[in-house]
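Residues in the sequence shown are numbered from 349 upward in steps of one, following our numbering.
Each residue gets a CB set at the ideal place from its N, CA and C atoms; glycine is no exception.
A short write-up of the structure that comes next.
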Amino acid sequence: MFLRLLLLAWLAGWALSLPARGAEPVRIGVLGFRTEAQSRAHWQALALALKQAIPEREFALEVLPYHELESAVMARQLDFVLTNPSHYLRLSRLGGLSSPLATLAVTEKDRYSTVFGGVVFSRAEQASINSLSQMQGKTVAAAGTESLGGYQMQAYELKKAGINVSQDLKLMITGMPQEKVVEAVLAGRAEVGFVRTGVLEDLVRKGRLDLNRIKVLNRQDVPEFPSLVSTRLYPEWPFAALAHLDEVLARRVAAALFLLDQNTPATQAIGIHGFVVPADYTLVADLLRELRLPPFQAAPVFTLRDIWERYRWSTVGTVLAFGLILLLSSRLYLTRRKLRREHRLVTRQRQALESSEFRWKFAIEGSGDGLWDWNLADGTIFFSLQWKQMLGYAEHEVGQGYDEWERRIHPEDKSGALAVLQAFLDGKTPLYVSEHRIRCKDGAYKWVRDRGSIVSRDAAGRPLRLIGTHADITQHKQAEEKLQLAANVFAHAHEGIMITDAQGIIVDVNDAFSQVTGYARDEVIGRNPRLLASGRQNKEFYSAMWRDLRQQGHWRGEVWNRRKNGEVYAQLQDISAVRDGQGKVWHYVSLFFDITPLKEQQQQLEQLAHFDLLTGLPNRLLLADRLQQGMAQVLRRGQLLAVVFLDLDDFKPVNDLHGHDAGDQLLIAVASRMKQALREGDTLARIGGDEFVAVLLDLGDAQASAPLLERLLDAATLPLQYGDVVLQVSATLGVTFYPQEQDVAVEELLRQADLTMYQAKRNGKNCYRFFAEE
């Protein structure tokens, strides 16, 4: 308490000592891990709290994704930054941030915490994945590789478990928010998901997740930590200043942050506990160094001086040992030289005799081929060691009989191979060449190419001796099969396939491409895919797509294109970069399929979910969303919002006397007239039967709503000609306003307006009444 009073006094002193002036607003950059609107609404209370603490300065909140936040820091367009710890370390290297002024403290399950971690989870029914080691080769969903709690912590734990995320797993990037990762795992598009702590519990609180549907891998039991976690814990987000900022202002902002506690309106609006003294982020730096992630992606440089300082005595010992070895080697060399001269005289003649045979055997064995030598006179065949090892046999495991070769030929290939051999022996072919499968020691078969020629004949010209080679061509055959398979897949795939060169020029398409787009193959070869562009996506969309392709080698998303006949259609497209042996982009391969029917169905479902079927007005669900947005809007603008609960008078007799069709037509007409009576930004919703709710925005005071309320009453009373009958009703309105002295929620506003409407009905119909706060 004493410290809090001291900080308050210090802030007040500075406020009095500094004259008010029209200074530039203080810009606070916050990493956006939700949509921009959600993130801005989430953190706006922080800027308001700082404004209250330092009233002579204005505070502007900038919610930016990773790369835009980096650009803003580099350009010094910000004064303060609130981001995740790993991103903070990168920004410190790039833009010269200060040491953290404070560390974020969050509230979870009525406890506050200054640390967070990462969660690795899969579907509960995924029986094959129960530990990190069982994730090998699995598809893993993550919001992005820049996320500390949503990717980097998990990658570090997996590395300690012997798994390299980039090499051993199939990574699927969903983008922010992290709720998309949970959706991808539950939908079966990914087998495992990475999120930061608190995401799962937040979805449970919102009713969007049942924890029984998932299981947490590598679960850690951390006392006093309120969330599920799979990794060790790291300090929460730091709040730091840029180097150019005035030191006095930085100290005042830090003091204001420390004064925030769990019970202030700002922390309650943001949903945090407040800020505490800066944490030690060494653990985060160690993690990034281990993973070689920015800003520690470069390997450390060691100089000769470093090696000498660290290994001085080892180096001296090695030099001495090397000198001793060199001395002994010199003496040994001189001795061996003397012996070699004597031995050379003895072996010279033998080497001369063997040199010729050695050369051709060496050439054959050096190429990796096996050698065979067949003596037709006695039926024996010599098989070289390479021949035997090629089939998995040791030197002594293969005899010299003809059957050693014949009985190992694949049954399907034997008749053909023997026919080729016999044709050669009969002189019908100049060379013996046969490709067939031969059985190995382990029972598997290899494709081989046998080649041979006759080296000696008898007086009658009959062959006496054949010499040949035995080459393993299994990989060549497999490559041929893969090429054939790839050609069949390309030709018969139901998805459209388009292949371009590295410059984006189309080099081939399949039949499915022509069926979807209407363009024949010859019409698109040599052209750029932009001929399909519909104009619905802007240049920024395609720039982002090409940036992902260049940086990640892959892009997946929805694109609106135009067929040859001019019809616009939607397609789900997957583009991958194909690289050559040097890692340079060689081609781009695009797979896509037409999702236009799916998009139309999605639009219909959206209409059914948010709009009344009879009148086309927003229903209760969409009303609640617009009312929530309107409440936030009038708070920002300092205006009033009116909630009008409207009930049609004497509507039931219309149904009873003239039928429900007449009642429906009257509801449609009244709804259309009342909607036209409102302003463009206002909302009219039907919540059931003959009950409607109107939301009137940006009112200066309560009386400013009176003209609009009169127009609603007039619109409701206009008669409707239905056949030979004139249908007419009136309306009674109950009105309440927001904001009020006490904080109220959406349902409470609707309850107040409903109650006021019934009070108005008791006082007489065809009128309106304002809610009176008690």
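Query, Result
"Distance between I729 and K825 (C-alpha atoms, nearest Å)", "27 Å"
"Buried versus exposed, by CB contacts within 10 Å (16 or more), W934", "exposed"
"Cutoff 6 Å; reference E549; Cβ partners in own chain excluding five residues on either side", "S575"
"Whether G377 touches E410 by CB criterion (7 Å)", "yes"
"One or two residues paired with D940 in a DSSP bridge", "A small correction: the amino acid at residue 940 is Phe; Asp does not occupy that position in the sequence shown. Its beta-bridge partners are G844, Q921."
"V577 versus D569: straight-line alpha-carbon distance, rounded", "8 Å"
"Contact under 7 Å by Cβ, E783 with R797", "yes"
"Integer Cβ distance of A881 from N909, believed to fall under 8 Å", "7 Å"
"Coil, strand or helix - F1118 by DSSP", "strand"
"Contact between the segment 622 to 639 and the segment 473 to 492 (3+ Cβ pairs under 8 Å)", "no"
"Three-pair Cβ contact test at 8 Å for the segment 1086 to 1102 versus the segment 988 to 1007", "yes"
"Host alpha helix (DSSP H) of K736 (start-end)", "733 to 738"
"Cross-strand partners of Y1086 (DSSP beta bridge)", "L989"
"Among I873, Q919, S495, L961, the one whose alpha carbon lies nearest that of L636", "S495"
"Whole-angstrom C-beta distance between E584 and V454, which should lie under 8 Å", "6 Å"
"R787 and Y780 closer than 7 Å at C-beta", "no"
"For F670, three-class secondary structure by DSSP", "helix"
"7 Å Cβ cutoff met for M520 and T579", "no"
"Contact belief for K374 with F407 at Cβ below 8 Å, rounded distance in angstroms", "A quick correction: the sequence has Val, not Lys, at residue 374. Correct: roughly 5 Å between the Cβ atoms."
"Counted within 10 angstroms of its Cβ, other Cβ atoms place G718 as buried (16 or more) or exposed", "buried"
"Whole-number beta carbon distance between L1060 and A1042, since they are thought to touch under 8 Å", "7 Å"
"Three-state secondary structure (DSSP) of G370", "With a pLDDT of 49 at G370, under the threshold of 50, the modelled position of that residue is not reliable, and the figure given next carries that caveat. If DSSP states are grouped into helix, strand and coil, G370 belongs with coil."
"Span separating the alpha-carbon of Q386 from that of Y499", "22 Å"
"CB contact flag (P586, R441, <7 Å)", "no"
"Whole-angstrom C-beta distance between L445 and L565, which should lie under 8 Å", "L565 to L445, Cβ: 35 Å. No contact."
"Helix, strand or coil at P643 [DSSP, three-state]", "coil"
"Backbone secondary structure at Q885 - three-state DSSP", "coil"
"W585, enclosing alpha helix (DSSP H) - first and last residue", "Counting along the chain, W585 falls outside any alpha helix (DSSP H), and DSSP gives it neither H nor E."
"Identity of the residue in Q392, R388, G380, L449 nearest E416 by Cα", "G380"
"Nonlocal neighbours in the same chain, by C-beta distance under 6 Å from F940, ignoring five residues either side", "G844, Q919, Q921"
"Outcome for G465 when other beta-carbon atoms lying within 10 angstroms are tallied against a minimum of 16", "buried"
"CB of Q1100 within 7 Å of CB of F1085, strictly", "no"
"Close Cβ partners of L769 (< 8 Å) along its chain, the five nearest in sequence each way excluded", "Y780, S782"
"Three or more C-beta pairs below 8 Å linking the segment 896 to 914 and the segment 850 to 857", "no"
"Residue environment, D849, which counts as buried when at least 16 other CB atoms sit within 10 Å", "exposed"
"Per-residue burial, V596 [other beta carbons within 10 Å of its own, 16 or more giving buried]", "exposed"
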